[in-house]
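Working notes, structure below.
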Amino acid sequence: MKLRMLLPLSLALAPLWGLAPITDAMAQEELQQGPNTLVIHYRAARGDRAAFRTYLQKDFAAKLQAMKAKGELADFRIFYSWYRQPEVWDGMAVLRFPSHAAVLRWNALERTAPGGLDAAGLALADPYATYAADLSWSRSPDTLKVGEVYYIIPYEYKDAGQYRDYVQGYILPQFDGWMKNGALTGYEMYMNRYPVGTPWDALFIQHYRDMEAFGQRQKVTEETRAGLRSNPAWMAWSEKKMGIRTETENTIAELIAH
Numbered sequence: 134m135k136l137r138m139l140l141p142l143s144l145a146l147a148p149l150w151g152l153a154p155i156t157d158a159m160a161q162e163e164l165q166q167g168p169n170t171l172v173i174h175y176r177a178a179r180g181d182r183a184a185f186r187t188y189l190q191k192d193f194a195a196k197l198q199a200m201k202a203k204g205e206l207a208d209f210r211i212f213y214s215w216y217r218q219p220e221v222w223d224g225m226a227v228l229r230f231p232s233h234a235a236v237l238r239w240n241a242l243e244r245t246a247p248g249g250l251d252a253a254g255l256a257l258a259d260p261y262a263t264y265a266a267d268l269s270w271s272r273s274p275d276t277l278k279v280g281e282v283y284y285i286i287p288y289e290y291k292d293a294g295q296y297r298d299y300v301q302g303y304i305l306p307q308f309d310g311w312m313k314n315g316a317l318t319g320y321e322m323y324m325n326r327y328p329v330g331t332p333w334d335a336l337f338i339q340h341y342r343d344m345e346a347f348g349q350r351q352k353v354t355e356e357t358r359a360g361l362r363s364n365p366a367w368m369a370w371s372e373k374k375m376g377i378r379t380e381t382e383n384t385i386a387e388l389i390a391h
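To convert, take the position in the sequence shown, counting from 1, and add 133; that gives this note's numbering.
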C-alpha cells in the first residue's frame, strides 16, 4: 500500500516554470490554500484526432489566452502526443492559476464545460482525467517554442517522502547533466497533490533542444550516468530505484500552444 504524503514545505511549489528559490513561508501558503495547477488529459476518437488537435490549438488556446488576459489564469501549456497510444492521452493541458480561489472558479466552469471544452470540443474528445498538482522542480521555463519536442514520463511511487529524496539524489543530477551538455533546454516535475489511483503520482516533462538532441537521448543518458557512477550517493539511489517507483507508458509530444 502506498504511503501518501503531501509535499514538504520546502519543496511544495516552485514558482511557475521558474528558478527562484522556494521559502518555507511560500510553500506553507500554497499548502494551506490548495494546489494551483491542474493537469487535464484528453482522449479523442481515432477519426477525430486531427480535428481535436486543431481545436485545441485554435479555439481552446484562444479561450485560455482570454482567461489569462483577465487574470483568471496565470499561465498554460497545451501538449499533443505525436502518436496514438493504447494508454496515453492525445492532448494534455497544464493550467496554472494565480490562486486556489481561481481554481475554484474553474471548477464552476467545469459544470457546463467539462475540461474547459465547449460543445464543439466535447464532440471531438473526452476530458477523461484532471489532476491537482504541485510544480515541485523546474528549470529554464522561458524557452518555450511551439512545435518543439517534449518527452513526458508518468511515475507511481510507494512513499512520497522517499520519492522526493530520490528525485534530489538521483534524478536532478541527471537532468542537470543533460542540460549542461545541451540535450535539454528545461524540465518540469509535478507531484500529484492527491495521488490516489492511476495513472501518475509524479509527472516529468523534459524539453529537448531539438529533434537531433532527442534522437541522441539514449546516448546522452548513458554518458551522463557514466560520469555519475563515481558518486557513491548517486549509485546508492540507482541500485534501489526499482523499489521506489514504477514507470508507466511514456509520451513523445509537442507543444501546440502556450
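Ideal Cβ placement from N, Cα and C applies to all residues, glycine included.
Check: A390, buried or exposed, once every other Cβ within 10 Å from all chains shown has been counted against 16; Outcome: buried
Check: Strand pairing of H340, partner residues [DSSP]; Outcome: Y283, G319
Check: Endpoints, the beta strand (DSSP E) within which D309 is located; Outcome: Here D309 belongs to no beta strand (DSSP E); instead the alpha helix (DSSP H) covers 305-313.
Check: Contact under 8 Å by Cβ, Y323 with S269; Outcome: yes
Check: 6 Å CB neighbourhood of G224 in its chain, flanking five on each side removed; Outcome: Y175, L189, Y213
Check: L242, DSSP secondary structure in three states; Outcome: helix
Check: Sheet register partners of R378 (DSSP bridge); Outcome: Y290
Check: Beta bridge counterpart(s) of M225 as assigned by DSSP; Outcome: H174, F212
Check: Pair within 8 Å by beta-carbon distance, A253 and I173; Outcome: no
Check: Buried or exposed by the 16-neighbour rule on C-beta atoms within 10 Å, applied to Q339; Outcome: buried
Check: Reference Y288, options Q218, A199, N325, closest by Cα; Outcome: N325
Check: Closest Cα partner of N383 within the set L336, M368, E205; Outcome: L336
Check: CA nearest to the CA of W222, picked from Y261, A369, T357; Outcome: Y261
Check: Assigned secondary structure, Y299 (DSSP; H/G/I helix, E/B strand, else coil); Outcome: helix
Check: Straight-line Cα distance separating K291 from F327; Outcome: Checking the sequence, you will find Tyr at residue 327 rather than Phe. Approximately 14 Å, taken between the alpha carbons.
Check: For E355: DSSP bridge partner residues; Outcome: Bridge partners of E355: none, in fact.
Check: Residue burial classification, R297 (beta-carbon count within 10 angstroms, cutoff 16); Outcome: buried
Check: E372 - DSSP class collapsed to helix/strand/coil; Outcome: helix
Check: Collapsed DSSP secondary structure at D192 in the structure displayed; Outcome: helix
Check: According to DSSP, residues forming a beta bridge with R272; Outcome: Y320
Check: Own chain, CB closer than 6 Å to K374, minus 5 neighbours either side, in chain order; Outcome: none
Check: Nonlocal neighbours in the same chain, by C-beta distance under 8 Å from R217, ignoring five residues either side; Outcome: R179, R182, D223
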